[in-house]
Amino acid sequence: MSLEATVLELLSSFPHWLATIIIGALPIFELRGAIPIALGIYGMSPSSAFIFAVLGNMLPVVPLLLFLDPVSTYLRRYSIFDKFFSWLFGRTQRNHSESFEKYGTLALTLFVAVPLPVTGAWTGCAAAFVFGIKFRHAFPAIFAGVLIAGIIVSSITLGGISLVDLIS
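If you want it as structure tokens, here you go:
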């Protein structure tokens, strides 16, 4: 069974609006998965799908921004976590340091806004931590990125659904 099917099965007893929020909060799916599921499977209106997916996607942002530093510091006492965080933070710095140094929070917004794998609110929080972007700057940048990504994903999903309806 695919990961998507497993998540849908686990959430099958939840109201669609709550399932959309939960899917939007999950690190692998975020709103990139929540919006297509809400529109295509749950049959929600575009505005409801957008609002619930954005809400879900933003739920983990505050705790991540506030607690990523102390949690990672604590976990780095263990070699397996130290290796993981060294890899994650090193990779993030290698791949994005030039953009973040040049464009700051705008780079963070654009990074979160691009609806591709390994971009999004969760990774944006990690990037904000790695590059030392303060909460008061990171939160609005990530929120703006999530809104932009939501508009892009909604547009693509609605276009795809319309195309399928046209062909059928």
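Be aware that the sequence shown starts at 78, since it is given in the numbering used here, and climbs by one per residue. Beta carbons: idealized from backbone N, C-alpha and C, even for Gly.
query = For the alpha helix (DSSP H) that ARG109 lies in, which residues bound it at each end?
reply = Annotation for ARG109: the continuous alpha helix (DSSP H) segment containing it runs 107–113.
ask   = Helix, strand or coil for LYS211 per DSSP?
value = DSSP places LYS211 in coil when its eight states are reduced to three.
task = Whole angstroms is fine: what's the gap from LEU240's alpha carbon to GLY110's?
result = Their Cα atoms are separated by approximately 19 Å.
request  = Report, in whole angstroms, the separation of the C-beta atoms of VAL207 and THR182, which I expect to be a contact under 8 Å.
outcome  = The pair is not a contact, with the Cβ atoms about 14 Å apart (cut-off 8 Å).
inquiry  = Within 10 Å of its beta-carbon, does VAL223 have 16 or more other beta-carbons around it, so buried, or fewer, so exposed?
reply    = Per the 10 Å Cβ criterion, buried.
key: Span of the alpha helix (DSSP H) around PHE144   = Going by DSSP, PHE144 is part of the alpha helix (DSSP H) stretching over 138–152.
message = I need the DSSP call for TYR119, collapsed to helix, strand or coil.
response = In the structure shown, TYR119 sits in coil (DSSP, three-state: anything other than H, G, I, E or B).
ask   = Alpha carbon to alpha carbon, how far is GLY201 from MET135?
value = Going by the C-alpha atoms only, they are around 11 Å apart.
ask   = Where do the N-terminal and C-terminal ends of the alpha helix (DSSP H) with VAL189 fall, by residue?
value = Counting along the chain, the alpha helix (DSSP H) containing VAL189 begins and ends at 182–190.
request  = Measure the alpha-carbon distance for GLY209 versus ALA215 and round it to whole angstroms.
outcome  = Roughly 9 Å between the two C-alpha positions.
key: Closest residue to ILE228 among GLY101, LEU85 and PRO192 (Cα-Cα distance)   = When each option's Cα is compared against that of ILE228, the closest is PRO192.
query = Over what stretch of residues does the alpha helix (DSSP H) that includes LEU193 continue unbroken?
reply = No alpha helix (DSSP H) contains LEU193, which DSSP labels as neither H nor E.
key: CA nearest to the CA of LEU103, picked from SER122, SER79, MET121 and ALA130   = Answer by Cα proximity: ALA130.
task = Determine the DSSP secondary structure at MET78, reduced to helix, strand or coil.
result = Note: MET78 maps to coil in three-state DSSP.
task = Could you pull out every residue in the same chain whose Cβ sits closer than 6 Å to the Cβ of TYR119, ignoring the five residues on either side in sequence?
result = Excluding the 5 residues flanking it on each side, TYR119 has same chain C-beta neighbours closer than 6 Å at HIS93, in chain order.
Whole-angstrom distance between ILE105 and LEU80, CA atom to CA atom = Spanning the two alpha carbons is a distance of roughly 10 Å.
ask   = Is the CB-CB distance between ILE225 and LEU142 below 9 Å?
value = Cβ atoms of ILE225 and LEU142: not closer than 9 Å.
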